[in-house]
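Novice: Protein chains in written order, with our numbering: chain A, 266 to 407; chain G, 266 to 407.
All C-beta atoms, glycine included, are put in the ideal place defined by N, C-alpha and C.
Only a predicted model underlies this, so the values are computations on that prediction, with no experimental measurement involved.
There are 2 protein chains.
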Amino acid sequence: MSADLQEGLYTLHPIGVVRSALTSLAAAPLQGDEGGPEAWLEITVPAAHGLDGITAGDELLVLTWLHCARRDVLHVHPRGTRETPVTGVFATRSPDRPNPVGLHRVSVREVTGRKVRVAPMEAIDGTPIVDIKPVLGRLNER
Amino acid sequence: MSADLQEGLYTLHPIGVVRSALTSLAAAPLQGDEGGPEAWLEITVPAAHGLDGITAGDELLVLTWLHCARRDVLHVHPRGTRETPVTGVFATRSPDRPNPVGLHRVSVREVTGRKVRVAPMEAIDGTPIVDIKPVLGRLNER
Numbered sequence: 266m267s268a269d270l271q272e273g274l275y276t277l278h279p280i281g282v283v284r285s286a287l288t289s290l291a292a293a294p295l296q297g298d299e300g301g302p303e304a305w306l307e308i309t310v311p312a313a314h315g316l317d318g319i320t321a322g323d324e325l326l327v328l329t330w331l332h333c334a335r336r337d338v339l340h341v342h343p344r345g346t347r348e349t350p351v352t353g354v355f356a357t358r359s360p361d362r363p364n365p366v367g368l369h370r371v372s373v374r375e376v377t378g379r380k381v382r383v384a385p386m387e388a389i390d391g392t393p394i395v396d397i398k399p400v401l402g403r404l405n406e407r
Numbered sequence: 266m267s268a269d270l271q272e273g274l275y276t277l278h279p280i281g282v283v284r285s286a287l288t289s290l291a292a293a294p295l296q297g298d299e300g301g302p303e304a305w306l307e308i309t310v311p312a313a314h315g316l317d318g319i320t321a322g323d324e325l326l327v328l329t330w331l332h333c334a335r336r337d338v339l340h341v342h343p344r345g346t347r348e349t350p351v352t353g354v355f356a357t358r359s360p361d362r363p364n365p366v367g368l369h370r371v372s373v374r375e376v377t378g379r380k381v382r383v384a385p386m387e388a389i390d391g392t393p394i395v396d397i398k399p400v401l402g403r404l405n406e407r
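1. Helix, strand or coil: which one does DSSP assign to H314 of chain G?
2. So V371 of chain A is in the beta strand (DSSP E); what residue range does that whole segment cover?
3. Drop a sphere of 10 angstroms on the beta-carbon of T346 of chain G, count the other beta-carbons inside from all chains shown, and report buried for 16 or more, exposed for fewer.
4. Using a threshold of 7 Å, is the CB atom of G281 of chain G nearer than that to any non-hydrogen atom of the ligand GDP?
5. Applying the 10 Å Cβ sphere with the 16-neighbour rule, what's the burial state of P311 of chain A?
6. CA-CA distance, V282 of chain G and P393 of chain G?
7. Where do the N-terminal and C-terminal ends of the beta strand (DSSP E) with G281 of chain A fall, by residue?
8. Do R370 of chain A and L401 of chain G have their C-beta atoms closer together than 8 Å?
9. Comparing alpha-carbon positions, which option in G:G391, G:V351, G:L326 and G:L316 lies nearest A384 of chain G?
10. Could you tell me the alpha carbon to alpha carbon distance between H314 of chain G and T377 of chain A, rounded to whole angstroms?
11. Identify whether G345 of chain A lies in helix, strand or coil by the three-state DSSP scheme.
12. Which residue wins for smallest C-alpha separation from R374 of chain G, given the options G:D337, G:G322 and G:D298?
13. Could you tell me how far apart the beta carbons of M213 of chain G and A304 of chain G are, in whole angstroms, since I believe they sit closer than 8 Å?
14. Are the C-beta of H278 of chain G and some C-beta of chain A separated by less than 8 Å?
15. By the 10 Å Cβ neighbour count, where 16 or more other Cβ atoms means buried, how is G301 of chain A classified, buried or exposed?
16. I'd like to know if A377 of chain A contacts chain G, where contact means its C-beta is closer than 8 Å to some C-beta of that chain.
17. Following the continuous beta strand (DSSP E) through R362 of chain G, name the residue where it begins and the one where it ends.
18. Can you give me the C-alpha to C-alpha distance between R284 of chain G and L290 of chain G, rounded to a whole angstrom?
19. V351 of chain A: buried (16+ other C-beta within 10 angstroms of its C-beta) or exposed?
20. Skipping 5 residues on each side, what residues in its chain have a beta carbon closer than 7 Å to that of D363 of chain G?
21. Could you name the residues that DSSP lists as bridge partners for L290 of chain A?
22. Suppose the cutoff is 6 Å on Cβ atoms and the five residues either side in sequence are ignored; what does the same chain contact list for I397 of chain G look like?
23. Name the residues in the segment 323 to 336 of chain A whose C-beta lies less than 9 Å from a C-beta of chain G; which are they?
24. A293 of chain A to H332 of chain A, Cα distance in whole Å?
25. Measuring CA to CA, which of G:I308, G:P343 and G:R382 is closest to A286 of chain G?
26. In the DSSP assignment, find the unbroken beta strand (DSSP E) run with E299 of chain A in it and report its ends.
27. In whole angstroms, give me the CA-to-CA distance for G318 of chain G and T349 of chain G.
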């Protein structure tokens with residue numbers, strides 16, 4: 266590929282971590298609106314001021330690093346069932362993919378210092394958070 | 266922070282690059298639906314089979330690495346104008362943020378081998394692509 270795809274330049278520095286009662290993938294729903302519980306976004310001290318302006322009632326997109334996912338997978342059965350035909354991972358929401366970035370649409374319930382209570386959140390306890398963005402315009406994303 | 270936030274574990278491997286007539290940030294719109302042109306997503310050979318199942322007409326979320334962004338910024342004037350009050354980057358769509366992952370909602374116009382023609386795309390030529398996901402359910406995201 267071209268020179269602008271040098272590896273090693275793109276290291277994510279987590280800005281926080283998901284704190285949730287969900288502690289295993291087996292218990293987690295596939296998507297937040299399929300029963301994702303409340304969770305806390307616990308933001309690091311260095312990144313905490315990036316939350317300024319976020320308040321209860323806001324709709325956010327939370328980007329996570331799905332640390333339990335496999336990165337060597339390009340084909341899956343969507344939703345993990347053999348009843349669906351195998352397809353490329355970029356046509357699915359499988360967590361297994363070359364760069365397992367999770368995308369979660371949540372509502373803010375409470376902001377307390379550098380902790381944000383949100384729902385629904387299907388990511389398990391300990392999942393690193395890499396970015397938070399507001400939902401804008403025709404954006405609505407879980 | 267806790268032990269599950271070890272740095273260096275989270276390296277993105279670009280799966281492709283944006284090919285666009287937009288070659289400078291000065292010419293790029295702030296958001297795709299503010300005049301973003303067509304662009305090609307040129308996927309790497311190793312990742313190309315992840316596209317299987319994507320066809321013209323699909324609505325996709327493209328995640329990019331905004332390689333020109335600043336990572337040391339936690340506060341901005343939204344939309345770059347001093348007329349808006351300073352706020353935390355996580356409450357804005359500023360490209361400047363600790364992990365400058367761009368999120369773009371696009372429509373697929375054409376798929377040719379490992380190249381996908383999409384619109385609108387406000388990212389400039391050479392922007393690394395890190396993930397592609399389908400728009401699902403109540404998801405719609407640019």
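Specialist: Result, derived from the coordinates:
1. helix
2. V366 to T377
3. exposed
4. In the structure on display, the ligand GDP does not appear, and there are no ligands present to speak of.
5. exposed
6. 4 Å
7. G281 to R284
8. no
9. G:L326
10. 44 Å
11. helix
12. G:G322
13. The requested residue 213 of chain G does not occur in the structure, where chain G is confined to residues 266 to 407.
14. yes
15. buried
16. This sequence places Thr at residue 377 of chain A; Ala is not what is there. Not an interface residue.
17. From DSSP, R362 of chain G is part of no beta strand (DSSP E); its letter is neither H nor E.
18. 14 Å
19. exposed
20. Note on identity: in this sequence residue 363 of chain G is Pro, with Asp being the wrong assignment. Result list for P363 of chain G: R336, in chain order.
21. DSSP, once it has assigned bridges, lists no residue as partnering L290 of chain A.
22. L325 and V327
23. D323, L325, L326, L328, W330, H332 and R336
24. 14 Å
25. G:R382
26. Counting along the chain, E299 of chain A falls outside any beta strand (DSSP E), and DSSP gives it neither H nor E.
27. 43 Å
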